[in-house]
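Engineer: In the numbering used here, the protein residues as written are -15 to 390. For each residue, glycine too, the CB sits at the ideal point set by N, CA and C.
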């Protein structure tokens, strides 16, 4: 009997040195989902004011229902129903995995508060923030401080100051200067920012942005009060005083001097389409106006200015340059070409028709086509924009003077 007792004591001490297991509940011990179990290399228990404090060190593992916790150290407080985990902490359940510098877990409420370098990974979304509050029963994930969301459904990265994601709808809100960067394996394609809120809609694979929305792609910048990004259609809708500004560079037709071309488009609503990592086209609906101004990059002298108005505008893009503009519905065009070294007089063209289309060559307007009932110098035909010969200009001036004399 003495030998058996010694062996029993020896094995008991050895097991305690290798693994400490315990149970904490705090509250209704009869509820199985309110229980939490621990396993660690070392552990100790203290009692303070009817509160049980349990401390665990070394390869700490805790589990409650479908949730598993791991850390280097942990402390359990029975009165608070709180487990604090420190060092290489992680939380894993049936929905996601959390990792952070520190995790506070409340097994009765099924809530976790992760602090410092927090990462939350789930099926098709990864989230980073300084702090994340995980409320499993409410199916909410709330984060703050340097929020970043990698959303596979949008093929985009979203950043902001705060976020709230709902596991029921799979939708989320990112608040505080949110930014969406559309990406692929080669890097970023387009960036959409706002000053207020971004709402990510999981099922529709789209995002809504509010207030001071800006879209940037290469040399194009678009703005509006509200923006809608639709990933399946690769379309961006701009509403509320929308506008597009596009800056291009080319050369003058006469002496090949470098020119800077600025195109501004406004309307009631604007739709921007992406294709093959580039903007393929844009559609402007309602009170559509496009203004194109080309100036000499060195002197700033006017090369040409074009204003086109209609009910609907279509802009075609090739690379970073506009390849064509089509105006439909009571289209009006005003075009002025600045004086050149060869031609001292400016060339002015005014046209009107059902449809007017501008063709661009190397970023500059080269040809205009008008169809339908209208008026002006180029009704029903192509009009090529080239400086008028001096003798023609002089003859026209003489004819005008004769008419005035009569």
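Of all the beta strand (DSSP E) runs that stay within the bounds of the segment 280 to 310, which reach a length of 3 or more residues?
Structural biologist: Qualifying beta strand (DSSP E) stretches, in chain order: 286 to 302.
Engineer: Could you give the DSSP three-state label for residue 145: helix, strand or coil?
Structural biologist: Counting from 1 along the chain shown, the entry for residue 145 is found at position 161. Strand.
Engineer: Could you tell me if residue 242 is buried or exposed, where buried requires 16 or more neighbouring beta carbons within 10 angstroms of its beta carbon?
Structural biologist: As a first step, residue 242 must be located in the chain shown, where it is residue number 258. Under this definition residue 242 is an exposed residue.
Engineer: Work out the CA separation of residue 188 and residue 96 for me, nearest whole Å.
Structural biologist: Here residue 96 is taken as the residue at index 112 of the chain shown, counted from 1. Here residue 188 is taken as the residue at index 204 of the chain shown, counted from 1. Going from the Cα of residue 96 to the Cα of residue 188 covers about 29 angstroms.
Engineer: Residue 230 bridges to which residues according to DSSP?
Structural biologist: Translated into the one-based positions of the chain shown, residue 230 becomes position 246. Its beta-bridge partners are 204, 247.
Engineer: Specify the secondary structure class of residue 159 as computed by DSSP and reduced to three states.
Structural biologist: Position 175 of the chain shown holds residue 159. Here residue 159 sits in strand by DSSP.
Engineer: Express the C-alpha separation of residue 269 and residue 50 in angstroms, rounding to a whole number.
Structural biologist: Start at 1 with the first residue of the chain shown, and residue 50 comes out as number 66. Start at 1 with the first residue of the chain shown, and residue 269 comes out as number 285. Their backbone Cα atoms lie some 53 angstroms apart in a straight line.
Engineer: If you follow the beta strand (DSSP E) that residue 59 is in, where does it begin and where does it stop?
Structural biologist: Within the chain shown, residue 59 is the residue found at index 75, counting from 1. Start and end: 51 to 61.
Engineer: Distance, Cα to Cα, residue 263 vs residue 72?
Structural biologist: The residue you call residue 263 lines up with position 279 of the chain shown. The residue you call residue 72 lines up with position 88 of the chain shown. Spanning the two alpha carbons is a distance of roughly 45 angstroms.
Engineer: With residue 336 and residue 281 assumed to form a contact (beta carbons below 8 angstroms), what rounded beta-carbon distance in angstroms separates them?
Structural biologist: Walking along the chain shown from the start, residue 336 turns up at place 352. Walking along the chain shown from the start, residue 281 turns up at place 297. So it is not a contact: roughly 32 angstroms between Cβ atoms.
Engineer: Three or more beta-carbon pairs under 8 angstroms between the segment 302 to 321 and the segment 275 to 294, yes or no?
Structural biologist: Contact holds: three or more Cβ-Cβ distances are below 8 angstroms.
Engineer: Any idea what DSSP makes of residue 33, helix, strand or coil?
Structural biologist: As a working mapping, residue 33 is identified with position 49 in the chain shown. In this structure, residue 33 counts as coil in the three-state DSSP scheme.
Engineer: Is the CB-CB distance between residue 292 and residue 340 below 8 angstroms?
Structural biologist: The count along the chain shown starts at 1 and reaches residue 292 at position 308. The count along the chain shown starts at 1 and reaches residue 340 at position 356. Cβ atoms of residue 292 and residue 340: closer than 8 angstroms.
Engineer: What's the gap between the Cα of residue 74 and the Cα of residue 221?
Structural biologist: Position 90 of the chain shown, counted from the start, is the residue given in the question as residue 74. Position 237 of the chain shown, counted from the start, is the residue given in the question as residue 221. Cα to Cα, the separation comes out at about 40 angstroms.
Engineer: For residue 135, which residues from the same chain have a beta carbon less than 7 angstroms from its beta carbon, with the 5 sequence-adjacent residues on both sides left out?
Structural biologist: The count along the chain shown starts at 1 and reaches residue 135 at position 151. Counting only Cβ-Cβ distances below 7 angstroms, and skipping sequence neighbours, we find 109, 142, 184.
Engineer: Hey, residue 121 and residue 80 are a contact pair by Cβ (cut 8 angstroms); roughly how many whole angstroms apart?
Structural biologist: Working through the chain shown from its first residue, we reach residue 121 at position 137. Working through the chain shown from its first residue, we reach residue 80 at position 96. Between residue 80 and residue 121 the Cβ distance is about 15 angstroms, and since that is not below 8 angstroms, they are no contact.
Engineer: Excluding five sequence neighbours on each side, which residues of the same chain lie with their C-beta closer than 6 angstroms to the C-beta of residue 40?
Structural biologist: Counted from its first residue, the chain shown places residue 40 at position 56. Result list for residue 40: 22, 24, 27, 58, in chain order.
Engineer: How big is the Cα-Cα spacing for residue 33 and residue 64?
Structural biologist: Residue mapping note: residue 33 aligns to position 49 of the chain shown, counting from 1. Residue mapping note: residue 64 aligns to position 80 of the chain shown, counting from 1. Distance between the alpha carbons of residue 33 and residue 64 is about 13 angstroms.
Engineer: Which stretch, first to last residue, makes up the beta strand (DSSP E) that contains residue 137?
Structural biologist: Counting from one through the chain shown, the residue named residue 137 turns up at place 153. No beta strand (DSSP E) contains residue 137, which DSSP labels as neither H nor E.
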